[in-house]
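Colleague: Counting from 178, one number per residue, gives the positions in the sequence shown under our numbering.
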Amino acid sequence: MGRIAYVNGRFVPQGEAVVHIEDRGYQFADAVYEVWALFDGKLADAEGHFARLERSLSELAIPMPMTRAALTLVLKEAVRRNRVREGLLYLQVSRGVAPRDHAFPNPAVRPAVIMTVSATDRIASEARAAKGVSVVTTPENRWGRCDIKTVSLLPNALAKQKARAAGAAEAWFVDELGFVTEGASSNAWIVDEDGRLRTRDTNANILRGITRGSLLEVIRHEGLEVDERPFTPADALAAKEAFITGAGTLVLPVIAVDGKPVGEGKPGPVAAKLRRLYIEQAKAAAI
Ligand code: PDD
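(1) With hydrogens ignored, establish whether the beta-carbon of R389 is closer than 7 Å to any heavy atom of the ligand MG.
(2) At a threshold of 7 Å, does G360 count as lining the ligand PDD (C-beta to nearest heavy atom)?
(3) Does DSSP put T426 in a helix, in a strand, or in coil?
(4) Okay, do the stretch 421–432 and the stretch 440–459 touch, 3+ Cβ pairs below 8 Å being the bar?
(5) How close, in whole Å, do the beta carbons of G273 and V294 come, if the pair is a contact with beta carbons under 8 Å?
(6) Cβ atoms of Y455 and V328: under 8 Å apart, would you say?
(7) Roughly how many whole angstroms lie between the Cα atoms of F188 and D369?
(8) When you compare only the Cα positions, how much space is there between V261 and P276?
(9) If you reduce the DSSP assignment to three classes, tell me which class D412 lands in.
(10) Give the range of the beta strand (DSSP E) segment to which A206 is assigned.
(11) Could you check where the alpha helix (DSSP H) with L451 kicks off and where it finishes?
(12) Could you give the first and the last residue of the continuous alpha helix (DSSP H) run that contains V256?
(13) Give me the residue from K460, E236, G309, A459 with the minimum Cα distance to V439.
(14) Look at F420 and R375 and say whether their C-beta atoms are less than 8 Å apart.
(15) Quick check on the DSSP output: the beta strand (DSSP E) that includes R341 runs from which residue to which?
(16) Among E405, N380, V434, which has the Cα closest to the Cα of E418?
(17) Regarding T315 and the ligand PDD, is the C-beta to nearest heavy atom distance less than 7 Å?
(18) Determine the DSSP secondary structure at I239, reduced to helix, strand or coil.
(19) Three-state secondary structure (DSSP) at R229?
(20) So T314 and S363 are in contact, right, with Cβ under 8 Å, and what is the actual spacing, rounded?
(21) Can the beta-carbon of K326 be found closer than 8 Å to that of L384?
(22) Who pairs with P316 in a beta bridge, going by DSSP?
(23) For D378, I'd like the list of residues in its chain whose CB is within less than 8 Å of its CB, leaving aside the five on either flank, ordered along the chain.
(24) Does V294 come out as helix, strand or coil in the three-state DSSP assignment?
(25) Going by beta-carbon coordinates alone, are D278 and E317 separated by less than 8 Å?
(26) Would you tell me roughly how many angstroms separate the C-alpha atoms of C323 and V212, rounded to the nearest one?
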């Protein structure tokens, strides 16, 4: 069955789905997005992603294109029409279409909305998680508002390509003080030498990952120690374990940084357990 996309109020075969050449998302990256993991056709961490969408839009003074209730219905309809059970749901909202001018159109125009759904091979992703992945480091070169989930992803795309060229799955940005900020499309974690979980705090210039937030709740529920404190690539190499989190990767063990092994160079028990617990709770809470 062919994929079905949503474009501004219509469901259309994805091959025929088009947006306007003067869409401000296309010309200025003046757009935000969200990605939900789908478990059994349901949206994982729905509330968190809606809240971040509303925040990203409001930081850019783009109105919500429809109410949250209406948006939920359309998102679910997109999933239903694509008959995807395990996968990803992508939503993008741009400021809209207007003659090219850097400043916002005045009067404001209607935001442009697109959605796509893709299937994930969950067996293949479990196999990948069982093996673990490598990451490479790269200098942090993004703008100062990485907390807004904009489609302005060129540095992230370049970083991911650097990783791919090195045979790695992810790139970790490293700031001018030598600390890891986050991955090109994930948040970064370690289980440090003392067995304490560590991830960058959200006062830093990073995306407040929804998977990160849900995993913190799981961790606290389990009574594990966690420090929202920066770490360096050297800390990661000295750590017992490392992993990344995101809607695309869930919780994915990292076994090497810049070609050097983390811990024993294989996935450790903490990441494996957290992956299992995160998936369990996300499945139970999915809508
Ligand atoms: N990326 N950091 C960055 C830069 C990201 O792009 C993402 C998500 C995350 C993790 O956020 P969350 O847990 O809310 O998915 C962190 C999505 C999946 C993407 O760009 O496809």
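Idealized CB from N, CA, C, for every residue including glycine. Small disclaimer: the values here were computed from a predicted structure and weren't measured.
Modeller: Working from what's here:
(1) Looking for the ligand MG in the displayed structure turns up nothing; the ligands present are the ligand PDD.
(2) G360 has its Cβ nearer than 7 Å to a heavy atom of the ligand PDD.
(3) Reduced to three states, the DSSP call for T426 is coil.
(4) The count of Cβ pairs closer than 8 Å, one atom from the stretch 421–432 and one from the stretch 440–459, reaches three, so the stretches are in contact.
(5) So it is not a contact: roughly 23 Å between Cβ atoms.
(6) Not a contact, by the Cβ cut-off of 8 Å.
(7) Approximately 48 Å, taken between the alpha carbons.
(8) Between the alpha carbons of V261 and P276 lies a gap of roughly 37 Å.
(9) D412 falls in the helix class under three-state DSSP.
(10) For A206, there is no enclosing beta strand (DSSP E), as DSSP marks it with neither H nor E.
(11) Bounds of the alpha helix (DSSP H) holding L451 are 446–462.
(12) In this chain, the alpha helix (DSSP H) harbouring V256 covers 245–259.
(13) Of the residues K460, E236, G309, A459, the one whose Cα lies closest to the Cα of V439 is G309.
(14) No, they are not a contact pair.
(15) Run containing R341: none in the beta strand (DSSP E); it sits in the alpha helix (DSSP H), 331–342.
(16) Checking every option, the nearest Cα to that of E418 belongs to V434.
(17) Judged by the Cβ position, T315 fails to qualify as a neighbour of the ligand PDD at the 7 Å threshold, every heavy atom of the ligand being at least this far.
(18) In this structure, I239 counts as coil in the three-state DSSP scheme.
(19) In the structure shown, R229 adopts helical secondary structure according to DSSP, grouped into three states.
(20) Not really, about 14 Å apart at Cβ, beyond 8 Å.
(21) Cβ distance < 8 Å, so K326 and L384 count as in contact.
(22) Looking at the DSSP output, P316 bridges to V351.
(23) Answer for D378: E405, R406, P407, listed in chain order.
(24) The three-state reading of DSSP puts V294 in strand, counting E and B together.
(25) It is not a contact, given that the beta carbons lie outside the stated cut-off.
(26) When rounded, the distance between both Cα atoms is 16 Å.
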